[in-house]
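Notes for the one structure printed next.
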Amino acid sequence: MSTARTLSELPNINAGTHPEEIYRIGRDISGGPLTMACSFSIEDVALLDLLSKYFAEFTIFAIDTGRHKEETYEIADKVAQRYDVRIEWYFPKKEAVEKLEREKGLFSFRSSLENRKECCHIRKLEPLQRAINGTSGWITGMRREQSVTRSDQQPFEIDHVNGGLLKINPLTYWTENQLWDYTREHQLPVNTLYHNGYTSIGCAPCTRATQPDEDVRAGRWWWEDPEHRECGLHRK
Ligand code: SF4
637 MSTARTLSEL PNINAGTHPE EIYRIGRDIS GGPLTMACSF SIEDVALLDL LSKYFAEFTI
697 FAIDTGRHKE ETYEIADKVA QRYDVRIEWY FPKKEAVEKL EREKGLFSFR SSLENRKECC
757 HIRKLEPLQR AINGTSGWIT GMRREQSVTR SDQQPFEIDH VNGGLLKINP LTYWTENQLW
817 DYTREHQLPV NTLYHNGYTS IGCAPCTRAT QPDEDVRAGR WWWEDPEHRE CGLHRK
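Under our numbering, residues 637 to 872 are what the sequence shown spells out, in order.
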């Protein structure tokens, strides 16, 4: 279901607008069903908490790439129990993973950007496309401060890669400090990897802990140039 909007039709939102208000505005302009992407990051857990009173209005999906760390499955289960929500899990297509691993091995993503993108496409992008198919838009926990690839992110965007769906990013302007303050104040469940130096968590072989002087997504595909460090879920 394409919303077929133009950027000029989307409202301007100032940096002080509460995430809940951003969600409500987005919901009202979406014109149809919504879904929220959840990777169980601190951003996504905080956003779930902020929007918990609206759970009846959207579905929540997660992608099991098959390469997550055990800690991610642990936090996923805790979050589902705490909020008593059903997580719509999506898996990559079995045949595509089998072909990839038979032909290129288990770590092809380390050999080139092209191979890394191929793996992300099979394990993340294709399942994402199925997850958002039939919706008018999707909600994310992305923040501007996370990396150079997100520095110009807007609270509302049009996802041209996925048929012109509305993308609602209620935490766009939140800082790292705001996020952790909210997490502590509300005693939210946290992936234990954050206590071991991880500041952004993705697939096990493509994520490492970061140093204090690095941006929070520096541990994702750290062998690549910073401007390439997106899996493709958030291409523009
Ligand atoms: S993050 Fe790494 S393992 Fe996960 S889908 Fe992308 S390339 Fe594959």
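Each residue gets a CB set at the ideal place from its N, CA and C atoms; glycine is no exception. Quick caveat: nothing in here was measured; it's all calculated off a predicted structure.
Straight-line gap, residue i to residue j (C-alpha atoms, nearest Å)
{"i": "G777", "j": "G799", "result": "20 angstroms"}
{"i": "G702", "j": "S744", "result": "15 angstroms"}
{"i": "E863", "j": "F792", "result": "21 angstroms"}
{"i": "G652", "j": "F697", "result": "28 angstroms"}
{"i": "R663", "j": "C674", "result": "18 angstroms"}
{"i": "P841", "j": "S666", "result": "36 angstroms"}
{"i": "R856", "j": "C839", "result": "9 angstroms"}
{"i": "Y659", "j": "G773", "result": "11 angstroms"}
{"i": "D851", "j": "Q782", "result": "7 angstroms"}
{"i": "F691", "j": "L683", "result": "11 angstroms"}
{"i": "P647", "j": "L742", "result": "45 angstroms"}
{"i": "R820", "j": "V681", "result": "12 angstroms"}
{"i": "E706", "j": "K803", "result": "29 angstroms"}
{"i": "P669", "j": "S836", "result": "29 angstroms"}
{"i": "E739", "j": "R752", "result": "14 angstroms"}
{"i": "D700", "j": "K729", "result": "11 angstroms"}
{"i": "A712", "j": "K760", "result": "17 angstroms"}
{"i": "L807", "j": "P655", "result": "6 angstroms"}
Assigned secondary structure, residue i (DSSP; H/G/I helix, E/B strand, else coil)
{"i": "E657", "result": "helix"}
{"i": "C795", "result": "Sequence inspection shows Asp at residue 795; the Cys mentioned does not correspond to that position. D795: strand per DSSP, three-state reduction."}
{"i": "F727", "result": "coil"}
{"i": "S638", "result": "Because S638 carries a pLDDT of 46, less than 50, the predicted location of this residue cannot be relied on, and no value is offered for it."}
{"i": "T671", "result": "strand"}
{"i": "A651", "result": "coil"}
{"i": "I952", "result": "This structure cannot speak to residue 952, because the chain is shown only from 637 to 872."}
{"i": "T695", "result": "strand"}
{"i": "T757", "result": "Looking at the sequence shown, residue 757 is not Thr but His. H757 falls in the helix class under three-state DSSP."}
{"i": "G773", "result": "strand"}
{"i": "H822", "result": "coil"}
{"i": "L687", "result": "coil"}
{"i": "L807", "result": "coil"}
{"i": "L802", "result": "strand"}
Residues that DSSP places opposite residue i in a beta bridge
{"i": "A843", "result": "The identity of residue 843 in the sequence shown is Thr, whereas the question assumes Ala. Answer is R856, bridged to T843."}
{"i": "F745", "result": "Its beta-bridge partners do not exist; DSSP assigns none."}
{"i": "W624", "result": "Outside the shown range of the chain (637 to 872) lies residue 624, about which nothing can therefore be said."}
{"i": "H914", "result": "Because residue 914 is not part of the residues shown, which for the chain are 637 to 872, the question remains open."}
*Contact shell at 6 angstroms, judged by CB to any heavy atom of ligand 1, ordered along the chain*: Listed by position along the chain, the residues with Cβ atoms less than 6 angstroms from a non-hydrogen atom of ligand 1 are T701, R703, F745, R752, C755, C756, R759, K760, G838, C839, P841, C842 and C867.
_At least three beta-carbon pairs within less than 8 angstroms, the stretch 750–765 to the stretch 711–722_ = No, they do not touch.
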